[in-house]
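Take a look at the structure below.
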Amino acid sequence: NEFAIVIHGGAGTILRKNMSPEDEAAYNAKLEEAIRVGHDILKNGGSSLDAVEKTINVLENSPLFNAGKGAVFTNAGINELDASIMDGKNLDAGASAGTKTVKNPINLARAVMEKSPHVMLSGEGAEQFAKEQGLEIVDPSYFYTEARFKALERVKASEENETARDKSAFYDPTIKDSKFG
Amino acid sequence: TVGCVALDKNGNLAAGTSTGGMTNKRWGRIGDAPIIGAGTYANNATCAVSSTGWGEYFIRAMVAHDISALMDYKGMSLQEAAKEVIQKKVPDLGGDGGIIAVDKDGNMVMEFNTEGMYRASMDASGNLTIGIYK
């Protein structure tokens, strides 16, 4: 191929029996929308970096995928986002980790690569750099989705149950409570 | 996690990955997505790779760079290198996940060892493939 593009939206225990036809259609449609953005850029002579950034923006802006809007939640109930990008021409690379207010982390990773002397920035420093570069900053609530928040609550509940179950193993009738050690 | 790899008309390869990380993560845990060489790698001499999987194992296996290195130092094809890393090296460590990749000749690979991976590819002729399940 003179040019080519491939995308992914995450791997895991994705089972046909767990997905409704409507969900499947929504994922297929979003994947097609995203890859066509990048393919058009390449077809018109655009750069692979632009194709990568703009295609990932479509996926980051969709609540269907664990990136950007639709990101999963940390134990503290917030969204911390990471991204990286690399240019095969000169092995240049950029990355950002742990940001909470940058709407499109892949854009920040590219800015780190092209506008800073570093490869990776993290946390508040990365957010400060994003502001200085004029990238779109959003309120952390922008990333919230009901489905991901419920997933966090499920994980926490199962973890607590486990602890509760473990704890019951140490139940001491004399103190009518659990004691460890 | 989402990712994209691309080859443009000037023969330049690029790769990118973006993620929200892992549900219920603590202590500032970082996975492979922002780690160059693990979640993302691109080299015009070999390939561009974007990963999605159990981050700790993809970091330890340096998955994205490993695939490029197998092509570079052992002359493997992109398909062979991706298979070796995703179907052998990562599971042998106890991890799981997948990668998408394109090489300098425009060959495209989508290799994963999980039940499914949301994925799509499109070549210069506009042939589109979309997949979710294995």
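Protein chains in written order, with this note's numbering: chain A, 3 to 183; chain B, 6 to 139. Where is the CB? At the ideal position from N, CA and C, for every residue including glycine.
Query, Result
"Listed by chain order, chain A residues near residue 117 of chain B by CB distance under 7 Å", "13"
"Segment contact flag, the stretch 116 to 127 of chain A with the stretch 137 to 155 of chain A, C-beta cutoff 8 Å, min 3 pairs", "no"
"Near-chain B residues of the stretch 61 to 77 of chain A - C-beta to any C-beta below 8 Å", "61, 62, 67, 68, 69, 70, 72, 73, 74, 75, 76, 77"
"8 Å contact criterion, which residue 128 of chain A and residue 98 of chain A should meet: CB distance rounded", "4 Å"
"Burial state of residue 134 of chain B, where buried means 16 or more other Cβ atoms lie within 10 Å", "exposed"
"Spatial neighbours of residue 77 of chain B in its chain, beta-carbon cut-off 6 Å, leaving aside the 5 residues before and after", "51"
"Any beta strand (DSSP E) of 3 or more consecutive residues that is wholly inside the stretch 90 to 130 of chain B", "102 to 108, 113 to 117, 121 to 128"
"CB contact check: residue 95 of chain A to chain B, cutoff 8 Å", "yes"
"Distance, residue 12 of chain A Cα to residue 26 of chain A Cα", "14 Å"
"Beta carbon proximity, residue 13 of chain B to chain A, threshold 8 Å", "yes"
"Distance, residue 5 of chain A Cα to residue 22 of chain B Cα", "20 Å"
"Contact between the stretch 52 to 71 of chain B and the stretch 105 to 124 of chain B (3+ Cβ pairs under 8 Å)", "yes"
"Exposure label - residue 37 of chain B; buried when at least 16 CB within 10 Å", "buried"
"Chain B within 8 Å of residue 141 of chain A, Cβ atoms only", "no"
"The stretch 79 to 109 of chain A: positions lying closer than 7 Å to chain B by Cβ", "81, 82, 83, 84, 85, 86, 87, 88, 89, 90, 91, 93, 95, 97, 98, 99, 100, 107, 108"
"Beta-bridge partners of residue 138 of chain B, as assigned by DSSP", "B/121"
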